[in-house]
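If you read the sequence shown in the UniProt record's numbering, its first letter stands for residue 1, the second for the next number, and so on.
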Amino acid sequence: MTIFALKGSLEEITPAQLSEQTCSAVFITDSAHAEETLRTANITYEGVISLRDVVFCKIESQPFCLAGTLSIPKLLDIKGSRHRIQFFIDNKNMVIIDDEEFSLRLVQRIQRSRHNQGESREHFIYNFFSEFMLSDTELLAEHEQKLMELEENVNDGKTDDFLETITPIRKELLILRSYYDEIMDLGRELEEDENGFFEKKQKKYFGTISDRADRLMGRTVHLLEYATQVRDAYQSHVNAQQNKNMEFLTVISTIFFPLTLITGWYGMNFQNMPELKEGYPGVIALSVIVVIVCIIFFKRKKML
């Protein structure tokens, strides 16, 4: 269990020093010590603590606290496992439960990079959410660049491995869209403050969280639409290529159709046909002439 006192800066304190503090505190622990930490923070939670059951970002009002969960995609493997966190907030303290020490690393990053690290629970929550969403804009920019490269390749006729490349991008964008939607709803729930745990003038931080998630979701939706346009362009290219192939086969069939007629006609072998004895070279010449005429015709029509 790690305890940080909220004094403008995040000051790490021991449990023995906790009773001397009048300010709010943030407790970070793992699921094995969750109940003990909640007791130390004087937070009463009526429910089961299980990080394995965390699949969404959400928050709910309990009689004596706010209970929330965070299911944060790992940026290096969005379709894979997630950072799973439970958190509890009352009118003074906040407890974060995390078995991977991801939350502790976020707090340490806040300590290193932010001058105002959290003078209140509201400001700390804003810093905490902002920190794990910090690289999302860069991630979406990378996806946009990949889609632009795919579009250029389609325009240049380079469509090898197109579906294998765009399908994972679309799946990741769909996951991120749902994730940002959940964060946006969570921020709004915090801003509504059904239990009255937060100061009115401090609730602006939660609105900022919702706005940031809303912007990220908007950009994600834009990229999904762009991915659809790129895929449509690819499908148009494939259809055009198939039409070319069908046109070529049609021309070839048209060229050789007269030859089929000639061979069928002279293959009847009627006894009174004058061509039976000396007509073989003439039929060959006729066939060659027909093929040449057809080729010249289709060349002029730019169909060959």
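Quick reminder that beta carbons are idealized off the backbone N, C-alpha and C, glycines included. Predicted, not measured: the structure shown is a model, and the values here were computed from it.
Per-residue burial, residue i [other beta carbons within 10 Å of its own, 16 or more giving buried]
i, result
"Asn245", "exposed"
"Asn127", "buried"
"Ile252", "exposed"
"Ile296", "exposed"
"Ile169", "buried"
"Thr220", "buried"
"Ala16", "exposed"
"Leu134", "exposed"
"Arg121", "buried"
Between the CA atoms of residue j and residue i - distance to the nearest angstrom
i, j, result
"Leu176", "Thr208", "19 Å"
"Val288", "Tyr234", "41 Å"
"Ile166", "Val238", "15 Å"
"Asp160", "Leu223", "22 Å"
"residue 310", "Met184", "Any answer about residue 310 is impossible in this case: the structure gives the chain only from 1 up to 304."
"Gln21", "Thr69", "27 Å"
"Gln62", "Tyr45", "7 Å"
"Ile125", "Lys92", "13 Å"
"Val293", "Ser236", "34 Å"
Start-to-end residues for the alpha helix (DSSP H) that takes in residue i
i, result
"Val107", "102-113"
"Thr167", "162-192"
"Ile13", "No alpha helix (DSSP H) holds Ile13; the beta strand (DSSP E) holding it covers 10-13."
Proximity winner among the options, relative to residue i (alpha-carbon distances)
i, options, result
"residue 314", "Gly157, Glu144, Asp185, Asp193", "Outside the displayed range of the chain (1 to 304) lies residue 314, so it cannot be described from this structure."
"Glu192", "Thr40, Leu147, Tyr205", "Tyr205"
"Arg212", "Ser61, Gln229, Gly187", "Gly187"
"Lys146", "Glu164, Ser130, Phe132, Glu131", "Glu164"
"Gly8", "Glu36, Arg114, His33, Gly80", "Arg114"
"Gly196", "Asp53, Ile43, Ala41, Phe64", "Phe64"
"Ile255", "Val290, Met1, Gln229", "Val290"
"Leu139", "Asp99, Glu101, Leu76", "Leu76"
Beta-carbon separation (whole angstroms), residue i vs residue j, contact threshold 8 Å
i, j, result
"Asp30", "Ile97", "7 Å"
"Phe4", "Val107", "6 Å"
"Tyr179", "Cys57", "7 Å"
"Leu66", "Ile59", "6 Å"
First through last residue of the beta strand (DSSP E) which encompasses residue i
i, result
"Asp77", "77-89"
"Lys58", "58-61"
"Lys7", "First-last for Lys7: undefined, no H or E at that position."
"Phe124", "Segment 121-132 is the alpha helix (DSSP H) holding Phe124; no beta strand (DSSP E) there."
"residue 305", "This structure gives no information on residue 305, because the portion of the chain shown stretches from 1 to 304."
"Ala25", "25-29"
"Ala32", "It is not in any beta strand (DSSP E) - Ala32 carries neither H nor E in the DSSP assignment."
"Ala41", "Here Ala41 belongs to no beta strand (DSSP E), and DSSP marks it neither H nor E."
Closer than 8 Å to chain D by CB, residue i
i, result
"Met94", "Structure shown: chain D not included; a single protein chain is present."
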